[in-house]
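First the structure, in the form of structure tokens, and then the observations on it.
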Amino acid sequence: MNNVIISTKKLSKTFSNGGTQQHVLKNLDMEIYEGDFTVIMGSSGAGKSTLLYALSGMDKPTLGSIRFLDKNIEALSNDKLAVFRRKNCGFIFQQMFLLDNMSILDNILTSGLLISNNRKAITARAKELLTKVGLGEAIWSKFPSQLSGGEVQRAAIVRALINQPNVVFADEPTGALNSAAGKAALDVLSEVNNKGQSIIMVTHDLRSARRGNRILYIQDGVIHGECNLGRYIHGDRERHEKLRLFLEEMGW
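The end of the sequence shown is residue 252 by UniProt numbering, with every number in the run present.
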């Protein structure tokens, strides 16, 4: 088994809503392994995105600990946590947060140059990744407002991958994409995962979930079940059926 890259102990997250306490995550113990493509699934409101934000350090837990690369990140100051995320995390969220006053290529280079001074290498990697997700040279100089939502989302995926982070966190990364664009994006994620990139993805889409080798099903703030699919192989019908049966068992 691969090394543990993230682990939690009694992870809990509570929100106050009009004087009522909403316990979204409940004493959750879990491990994420290096090199895995981990998919988090569950019904709406189960705590999927809350868990993703906690694991990535985007949100601090109410109780419990999160150990990420041998650091208890919930104990870090905001400044130290920001530096840690910049070096070790890539983010693909439903809101893309690209800068409107920069071209698509410059948006990606700006992220890359926060970590590396090698502009030539960063530029070459950016162009290679953009091409792989179907964003050709004609797109690179355009601004986000000039592109479709799907094109902007694919650019956001490239931005998340540009620094080769230890973990890429993805929240419904293909939600805004049509079938062809979604497949291109998932192909890139599968490719980098096959080269050792760790990925944690929240999705409710079966097409996307099949790319994972480990499926965690969250229900009422706890891990309700787990399914191990092995490495993704295109056209594996048994994989699809195994995932379908698992989700049926989970009541999805």
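Ideal Cβ positions, reconstructed from N, Cα and C, are used throughout, including at glycine.
Beta-carbon spacing of residue i, residue j below 8 Å
i       : j       : result
Phe-246 : Ile-215 : yes
Ile-108 : Arg-159 : yes
Lys-10  : Gly-64  : yes
Asn-207 : Ser-190 : In the sequence as displayed, the identity of residue 207 is Arg instead of Asn. No, they are not a contact pair.
Lys-80  : Ile-104 : no
Leu-243 : Ala-209 : yes
Val-202 : Ser-56  : no
Val-222 : Leu-28  : yes
Ala-155 : Leu-135 : yes
Gly-47  : Leu-25  : yes
Residue i in three-state terms, based on DSSP
i       : result
Glu-172 : coil
Lys-142 : coil
Lys-120 : helix
Ile-115 : coil
Asn-72  : strand
Thr-203 : coil
Phe-97  : coil
Ile-233 : coil
Lys-26  : strand
Gly-221 : coil
Val-188 : helix
Val-152 : helix
Leu-55  : helix
In DSSP terms, what residue i is bridged to
i       : result
Glu-31  : Ser-7
Glu-226 : Leu-216
Thr-20  : Asn-17
Phe-91  : Phe-169
Ile-40  : Val-202, Leu-216
Ser-12  : Leu-63
Distance between beta carbons of residue j and residue i, contact taken as under 8 Å
i       : j       : result
Gly-90  : Gly-196 : About 14 Å; that fails the 8 Å criterion.
Phe-93  : Asp-171 : 5 Å
Pro-173 : Ile-157 : 6 Å
Leu-51  : Ile-40  : 6 Å
Chain C within 8 Å of residue i, Cβ atoms only
i       : result
Thr-110 : Of the chains in the structure shown, none is chain C; there is only one protein chain.
Count the C-beta pairs between the stretch 60-74 and the stretch 10-30 that are closer than 8 Å, then say yes if the count reaches three, no if not.
Result yes; three or more Cβ-Cβ pairs closer than 8 Å.
Touch test, the stretch 232-241 against the stretch 124-133, Cβ-Cβ under 8 Å, three pairs minimum:
With contact defined as three or more Cβ pairs closer than 8 Å, the stretch 232-241 and the stretch 124-133 are not in contact.
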